[in-house]
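Below is one structure, written out as structure tokens; the observations come after it.
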Amino acid sequence: MNLVIVESPAKAKTIEKYLGKDYKVLASFGHVRDLPSKNGSVDPENNFAMSWNVDTQSKKRIKDIEVALGNADKLILATDPDREGEAISWHLLEVLSKKKAFKGKPVERVVFNAITKKSVTEAIANPRQLDQELVDAYLARRALDYLVGFTLSPVLWRKLPGARSAGRVQSVALKLITERETEIEQFDAREYWSVEGLMSASTGNFPARLVTLNGDKLDKFSLNNEELATKAKAAVDAASLSITNVEARPLTRNPSAPFMTSTLQQEASRKLGFSATQTMQTAQRLYEGVDIGGETTGLITYMRTDGISMIGEAISDCRATIKNEYGEDYLPGQHRVYKTKAKNAQEAHEAIRPTGFDRTPDSLNLSGDMKKLYELIWKRAMASQMASAKLERTTVTIEDNAKTVGLRATGQVVRFDGFLKLYEETQAKKDESDEKDNDLPAVESGQSVKQSDVKADQHFTQPPPRYSEASLVKRMEELGIGRPSTYASILKVLQDRGYVELDKRRFTPSDKGRLLTAFLENFFTKYVQYNYTADMEEQLDKVSAGELDWLTLLNDFWNEFSATVDGTKELRVTHVLDALNIALKSIVFPEKEDGTPARKCPKCEDGELSLKLGKFGAFVGCSNYPECKMTRPFGSDAPDSTAEDKILGQHPETEKDIVLKTGRFGPYVEMETEKKPKRTSLPKTWPYDEMDLEKGLKLINLPRKIGSHPEDGNQIITALGRFGPYIKHNTTYVSLKETDEMFTLGMNEAVSRIADKRANPGRGRGGKVLKELGNYPETETPISIMEGKYGAYVKYEKVNATIPKGQDPQEVTVEMAVQYITEKEAKSPKKKPAKKKAPAKKKPAAKKKPAAKKKPAAKKPAAKKTAVKKPAAKKAAPKA
């Protein structure tokens, strides 16, 4: 019997069916060990030795593999065909070697690009050894990311309160987003005009745009005010026009290459509205396959790649399908060959393509995201081998006899659609001033035309758009920052840590994100430069190609980086604030219209405004604190608290003023009461400038009583909390999506939502039921897969069991869920005795004398526990 190791259990079942009774296939559930999140996991003083940790779940997996290996003749490592897959195999090999589990048994490494019977069996027949150069590249990347994170983060905690962490690539991605936001804020719009009219010829009508005036060619800003535009319009209206030239030029458009990871993420975002994470999760499910004729078959090749080529067999399959589906006219004489522009395409993978082109999207029983993404991949790969599109672009020039005015019309005709019959890549939006292709009638040179409906239209230049996930990935790819497998996780980390916000599918940096970027640019300049980060990626690629030793790379990096970090030890927070005041001057202290100094405090005569760092982040305060307590939020769009408080009106019942104010944590409304002022913050969705008495009354009157709950008679209220609006009944809280719901929600809807929350408590963490699996075999209690803040998990009664990394929640079965639940429950009893031990013995002693004797007695057991844990940690480090 041969033992095969793959990453996911879904894959294991499929591959075991392919290979037959002589093979047993087990899953590692991703990485079996990782670097612990603590200092010392990478030791630069000891040749960058790494202390790896195996968690509880992985220990069980390793034990199962070890037992199975005892009855096997050979171990075959069949993890994913990329750097991470190679690393998983290496980790497993290292752990089993230390356990002396092999006993002379051979070990083979196989890779397959698709989960089909043919691909798997061919891979098994052609094994290789572990690629140590790929492993070295993994180790170098892992050590680099660890050293940057665990060395830089403590500096941030001391010098920049509120910042959680910084990363080697994530900080550069954040810099891109913040720089784009600064561009937008500093953008100075320019006015320009265009003149366009409808031309009437004997054969039909068509629009044309003014391009020359008085013999001069007009550029975008030639007509930069209404006066010039009006004169130009009058000249066109008065002219006697005729067609002076008709030029038709043939054009050929070639198809784009098949998808690689980054282009798939970009196009799925533009065409389908998918996030990068959503795209990769859906692609993973397509890769692992669906049931076709009673057999699970992978539908696409591996989805983490920066290769754009297809193997000969796939090209032949594609061309045959093109001929069958669309005819020989759509099949070029020679197949197309695509080559990646990347200097060292990761592991030289194939492009992302269907495993069988005859599996058309309509022939498969797919639905939802899987259907949409498969159709996109299938069409793009098919189109890449189809005939070019033949077009004809026609340009018509219209002038008067004196050449006073000249207009131009353009049109494009598709003579043969070619690959456009199936697929056309999404193009970027055109500028308003760009000429548009129109349907043109058949016209000839010398033909007279009559103008009508001539218009002069005003335009303004637009700032560059904020980055979407697609455009950010494209920009990072252009700069050589990151790699295909890292983009989705980088974007997710930036959001999870509150450095950016995603609004209408566009990234906006938060105040915290802008502060972090400014800090890094001032004190760690080199490490957030685009060319430095791109160069580091190239060096890592050289390691994977065997052209650079990974320890040399780490040593060179660490010597310089550690010296930079050491240079910040004497840095005081005041020095940091001085640097940030200068770096963020245009944002925090914009120039005032009256010409007074931007940093002069408006509430005292000699105070100067400066950034301040508090427990909850940055704010602007006066240098004369505590005598002057002027504060306002950080950020150029924050309302200025230096202005006088605004009285919105009086409360109709108390006749007290409702005042709009701005404090350190943002704007709020306030009303004096007998005890203390009543205050309510403004919801994020309510603009400061649009506040009036009606809105102020709504906020001051919170919490709002909806009524008594029909079951117990206790009040149901709506209120505004730290995380937004919510409903409350007893101890049950339900978040509201819209602010206005606080004031409009009725009793029936409130009771329904409370009942739904109690029936699905997991939703309180922002989650929802992703899948109902069925009932637990013994108790008949339902098992559900829930969406949680940190990923999907299995819920059974009061047990919340984590789903291993790399496992698609949609592919989890009842059997797998039971296994997760059992493992989770197995951990619980170990904790219970520890809780009972200390209180049982110490409570009687505590009653005899005051609190002074209680504390020493309680501390001793805690000290013993710490002493017991330390030796275990020390043992683990030398082994690694």
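For the sequence shown, this note's numbering begins at 96 and goes up steadily by one.
Quick reminder that beta carbons are idealized off the backbone N, C-alpha and C, glycines included.
Bridge partners for residue i per DSSP, in chain order?
i, result
"W288", "Q553"
"S547", "L293"
"F597", "The identity of residue 597 in the sequence shown is Leu, whereas the question assumes Phe. Answer is F602, bridged to L597."
"G791", "Bridge partners of G791: none, in fact."
"S337", "E494, S543"
"S776", "Y763"
"H824", "I811, T827"
"R223", "R204"
"M977", "It is not possible to answer for residue 977, since the shown part of the chain is limited to 96 through 975."
"F354", "I447"
"N300", "S295"
"M881", "V864, Y888"
"T1040", "Here the chain covers residues 96 to 975 and nothing more, so residue 1040 does not appear."
"D752", "Q745"
So residue i and residue j are supposed to be a Cβ contact under 8 Å. How far apart are they, rounded?
i, j, result
"E445", "N208", "5 Å"
"A478", "D606", "The pair is not a contact, with the Cβ atoms about 45 Å apart (cut-off 8 Å)."
"L255", "L611", "7 Å"
"T775", "Y783", "With a Cβ gap of about 14 Å, T775 and Y783 do not count as contacting."
"L567", "F602", "7 Å"
"W185", "V230", "5 Å"
"L271", "Y562", "7 Å"
Express the C-alpha separation of residue j and residue i in angstroms, rounding to a whole number.
i, j, result
"L868", "G199", "43 Å"
"N340", "S483", "29 Å"
"T372", "I898", "17 Å"
"V864", "A343", "59 Å"
"T876", "R848", "23 Å"
"V243", "E665", "20 Å"
"I100", "A921", "25 Å"
"K756", "K790", "14 Å"
"G292", "R600", "37 Å"
"G641", "R236", "15 Å"
"I403", "E520", "16 Å"
"T917", "K466", "34 Å"
"I801", "M881", "30 Å"
"L672", "D689", "26 Å"
"P131", "G816", "36 Å"
"D591", "P772", "35 Å"
"E892", "A854", "11 Å"
"Y625", "Y582", "16 Å"
"V668", "K707", "9 Å"
"L114", "T826", "55 Å"
"D534", "M294", "13 Å"
"L589", "G608", "9 Å"
"S731", "V683", "Caution is warranted here: a pLDDT of 45 is assigned to S731, below 50, making its placement in the model unreliable, and the coordinate value is therefore given only provisionally. Cα to Cα, S731 sits roughly 6 Å from V683."
"C723", "P778", "28 Å"
"E564", "T273", "14 Å"
"M631", "K680", "32 Å"
"E161", "K194", "9 Å"
"L635", "R348", "37 Å"
"M837", "G761", "20 Å"
"I395", "T377", "11 Å"
"D453", "P345", "34 Å"
"Y287", "N309", "18 Å"
Can you list, in chain order, the residues of its chain with a C-beta nearer than 8 Å to that of residue i? Leave out the 5 residues immediately preceding and following it.
i, result
"G165", "A196"
"V306", "K312, L313, G501, L502, R503"
"E278", "P558, P559"
Can you give me the Cβ contacts of residue i inside the same chain, cut-off strictly under 6 Å, excluding the 5 residues immediately before and after it?
i, result
"Y233", "R178, A182"
"A105", "E383, E906"
"T977", "Any answer about residue 977 is impossible in this case: the structure gives the chain only from 96 up to 975."
"K108", "none"
"T490", "E342, T505"
Output needed for residue i: all residues of its chain with C-beta closer than 7 Å, excluding positions within five of it in sequence on either side, in chain order.
i, result
"I585", "V264, Q265, A268, G577"
"R414", "L426, H430, Q480"
"K931", "Since pLDDT at K931 reaches only 41, below the 50 mark, its modelled position is unreliable, and no value is offered."
"L788", "L743, G744, I753"
Kindly examine the ligand NAP and report whether one of its heavy atoms sits closer than 7 Å to the Cβ of residue i.
i, result
"K751", "As for the ligand NAP, it is missing from this structure, which has no ligand bound."
### Message
I'd like the ranges of any beta strand (DSSP E) spanning at least 3 consecutive residues and lying wholly in the segment 673-720.
### Response
704-709, 712-717
### Minimum length 3: unbroken beta strand (DSSP E) runs contained in the segment 173-218
202-204
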